[in-house]
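Residue numbers (my numbering): 999 to 1359.
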């Protein structure tokens, strides 16, 4: 297609404004793909940076607060024009004025239909197409194959709706803008189209975009891998802790059941002591059984209170005396669980007196 105009767009955060707009208006001494002696042929708005910052400040006043740091505050619309048709219109003395008029018309149409606010444009007549090595492509006569294009800066804010238009724009909207570009520049003989030089070959910024996308994808991949490993380690740790807690819980359940059974035997033995004592019989055997049924996990103050209560209800202190006589002379611990009444704890002689050698039932 010999007379196409195509549209490509990139959007940026405010932190990228100085660098991107600086490239658009040729603020930097070294501009990639730029041919030095043709820089003076560029035209358009060279105060885009000042306009952008002034408009952004005005919109923040309307908005009532500053734009978020991660918000895309502006977009760079790149309009590329076919070399053949550009060579035709450049023969006209007033071609730059006509191009400026079409540019302004295009900006207003985008503003009216999408709410994006036009800041200004700069038409680049100083860049040539390059090969994969970055070298200028020369035509048959040795002249650089020119890459005529314009950068049009729009602020991503609609002061009427107080919203960011880019958030609502879909793929179909960008296709529609291609149509609008064809209409806006039709007076100069251009039609809507997609340049083979853009789709089939390297666009002036395509390689940078690919490299940037690759780096971002790799960074994201590394981050996700690290997060996955961290989550796996956390999951393994939690699983181990859960298993430990389950094991401990089972042990506690078993201990609780055992303790309940021991307490039950202890209490029943104590009741038997009370019953026999109140009938006037010798309750020594029941006293020994009660003491032998005593749970090891019960604390001493509770044991003392239990035996005091048993003695009071049975109206006999004999259980206290039996408990005392069952203690080892040396370590004062109960030792009758072993036949022969040798102390389990210190292996010394048995109890003070001959107490019936009964094993716990």
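Using N, Cα and C, we set each Cβ at its ideal position, and we do this for glycine too.
Exercise for review: Taking residue 1000 as the reference, give the member of 1231, 1267, 1080 and 1160 with the closest Cα.
Suggested key: That would be 1080, whose Cα lies nearest to the Cα of residue 1000.
Review point. Are the beta-carbon atoms belonging to residue 1186 and residue 1097 less than 8 Å from one another?
Key: Yes, Cβ-Cβ distance for residue 1186 and residue 1097 is below 8 Å.
Check your understanding: Exposed or buried, residue 1279, counting other C-beta atoms within 10 Å across all chains shown (16 or more means buried)?
Key -> Taking every protein chain shown into account, the CB of residue 1279 has fewer than 16 other CB atoms within 10 angstroms, so this residue is exposed.
Review point. Hey, is the segment 1030-1042 in contact with the segment 1123-1136, meaning 3+ C-beta pairs nearer than 8 Å?
Key: Yes: at least three Cβ pairs fall under 8 Å.
Point to revise | For residue 1188 and residue 1092, the rounded distance between their alpha carbons | key: So the two alpha carbons sit approximately 17 Å from each other.
Exercise for review: Spatial neighbours of residue 1109 within its chain, please: CB distance less than 7 Å, with the 5 preceding and 5 following residues excluded, ordered by chain position.
Suggested key: Taken in chain order, the residues that qualify are 1115 and 1116.
Review point. Just curious, the beta strand (DSSP E) that residue 1308 is in, first and last residue?
Key: In this chain, residue 1308 is not harboured by any beta strand (DSSP E); it is covered by the alpha helix (DSSP H) spanning 1298-1312.
Review point. If we call anything under 8 Å between Cβ atoms a contact, is residue 1007 one with residue 1075?
Key: The Cβ atoms of residue 1007 and residue 1075 sit closer than 8 Å to each other.
Review point. Is residue 1002 helix, strand or coil by DSSP?
Key: The answer is strand: DSSP assigns residue 1002 an E or B state.
Review point. Enumerated in chain order, which unbroken segments of the alpha helix (DSSP H) with a length of 4 residues or greater are wholly contained in the segment 1018-1093?
Key: With a minimum length of 4 residues, the continuous alpha helix (DSSP H) runs that stay inside the segment 1018-1093 are 1046-1061 and 1081-1087.
Practice item. Compute the Euclidean distance between the alpha carbons of residue 1250 and residue 1298, then round it to the nearest angstrom. Key: Taking C-alpha positions only, residue 1250 is separated from residue 1298 by approximately 21 Å.
**Study point:** Backbone CA spacing between residue 1293 and residue 1321 [nearest angstrom]
**Key:** Distance between residue 1293 and residue 1321, taken at the CA atoms: about 14 Å.
Exercise for review: Measuring alpha carbon to alpha carbon, tell me which of 1121, 1276 and 1013 ends up nearest residue 1147.
Suggested key: Taking the Cα of residue 1147 as reference, the smallest distance to any Cα among 1121, 1276 and 1013 is reached at 1121.
Point to revise | Residue from 1040, 1174, 1286 and 1118 with nearest C-alpha to residue 1050 | key: Checked all of 1040, 1174, 1286 and 1118; the closest Cα to residue 1050 is 1118.
Review point. According to DSSP, what are the bridge partners of residue 1151?
Key: In DSSP, residue 1151 forms a bridge with 1074 and 1118.
Check your understanding: Would you call residue 1212 buried or exposed, if buried means 16 or more other Cβ atoms sit within 10 Å of its Cβ?
Key -> Residue burial annotation: residue 1212 is exposed, with fewer than 16 other C-beta atoms found within 10 angstroms of its C-beta.
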